[in-house]
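In my numbering, the protein residues as written are 9 to 214.
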């Protein structure tokens with residue numbers, strides 16, 4: 009997941025239980041928020057309850073990693089919005105210039121655009137889809153119906169909650185659970201956590 013933390017503290021990114029805020033995002037678990045203008049806010053919320061965890065060491069590591077990236081890609085490419093450790097929970101909010109920056113920095117897939125743009129970029133939507141009505145799963149829908157729409161879509165390859173600026177209409181059926189009209193949770197089954205490559209997740213919204 010978030011290599012910015014996991015490289016130095018491999019066990020850190022276990023979902024915590026506190027709620028925190030980073031600008032326009034309020035999260036109670038790891039969350040990526042794709043905003044209307046393409047900017048991305050990400051929250052990493054993790055248990056920080058081992059005696060050998062060092063807040064100053066972690067802060068220094070995060071700052072150095074961000075600074076190194078900024079030196080190559082510009083100061084506005086990625087920023088630390090907020091970092092705190094309270095009640096044995098570490099909370100980190102990051103801002104990214106766009107989805108390309110996010111996926112480059114974190115070495116994951118994150119695409120945001122319209123369905124036609126996604127198709128033109130080579131995404132095939134070759135998966136089962138669930139229709140969402142009033143913030144609830146409402147049964148399966150043909151992927152051709154999704155592909156024929158002009159909705160927006162977020163496509164990613166990460167176990168994380170996803171918040172969008174809109175109302176979710178469809179989501180790929182594997183790994184996903186509706187949390188709210190604008191939020192989908194992605195969870196990888198236990199049998200796929202050990203080395204198996206995660207399939208892309210599609211979240212389609214208006």
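All residues carry an ideal CB built from backbone N, CA and C; glycine is no exception.
{"Check": "Nearest residue (CA-CA) to residue 168, options 211, 150, 139", "Outcome": "211"}
{"Check": "Own chain residues within Cβ distance below 7 Å of residue 140, not counting five before or after", "Outcome": "146, 176, 177, 178, 179, 186"}
{"Check": "Short Cβ contact (8 Å threshold) for residue 124 with residue 158", "Outcome": "yes"}
{"Check": "Span of the beta strand (DSSP E), counted from its first residue to its last, around residue 169", "Outcome": "169-172"}
{"Check": "From 166, 165, 138, 110, residue whose alpha carbon lies closest to that of residue 154", "Outcome": "138"}
{"Check": "Classification of residue 194 by the beta-carbon crowding that lies within 10 angstroms, buried from 16 upward", "Outcome": "buried"}
{"Check": "Candidates 93, 47, 104, 71: closest to residue 85 by CA position", "Outcome": "104"}
{"Check": "Nearest-angstrom Cβ-Cβ length linking residue 42 and residue 107, presumed shorter than 8 Å", "Outcome": "7 Å"}
{"Check": "Nearest-angstrom beta carbon gap, residue 57 and residue 96 [assumed within contact, 8 Å]", "Outcome": "4 Å"}
{"Check": "Rounded distance between the beta-carbons of residue 162 and residue 119, thought under 8 Å", "Outcome": "7 Å"}
{"Check": "Inter-residue spacing [alpha-carbon to alpha-carbon] between residue 207 and residue 121", "Outcome": "19 Å"}
{"Check": "Simplified DSSP assignment, three categories, for residue 154", "Outcome": "helix"}
{"Check": "According to DSSP, residues forming a beta bridge with residue 139", "Outcome": "178"}
{"Check": "Start and end residues, alpha helix (DSSP H) containing residue 64", "Outcome": "63-81"}
{"Check": "Simplified DSSP state of residue 109, which is helix, strand or coil", "Outcome": "helix"}
{"Check": "Alpha helix (DSSP H) segment containing residue 212, residue limits", "Outcome": "No alpha helix (DSSP H) holds residue 212; the beta strand (DSSP E) holding it covers 209-213."}
{"Check": "Coil, strand or helix - residue 123 by DSSP", "Outcome": "helix"}
{"Check": "Range covered by the beta strand (DSSP E) that runs through residue 90", "Outcome": "86-94"}
{"Check": "Cβ neighbour criterion (16 or more within 10 Å) applied to residue 213", "Outcome": "buried"}
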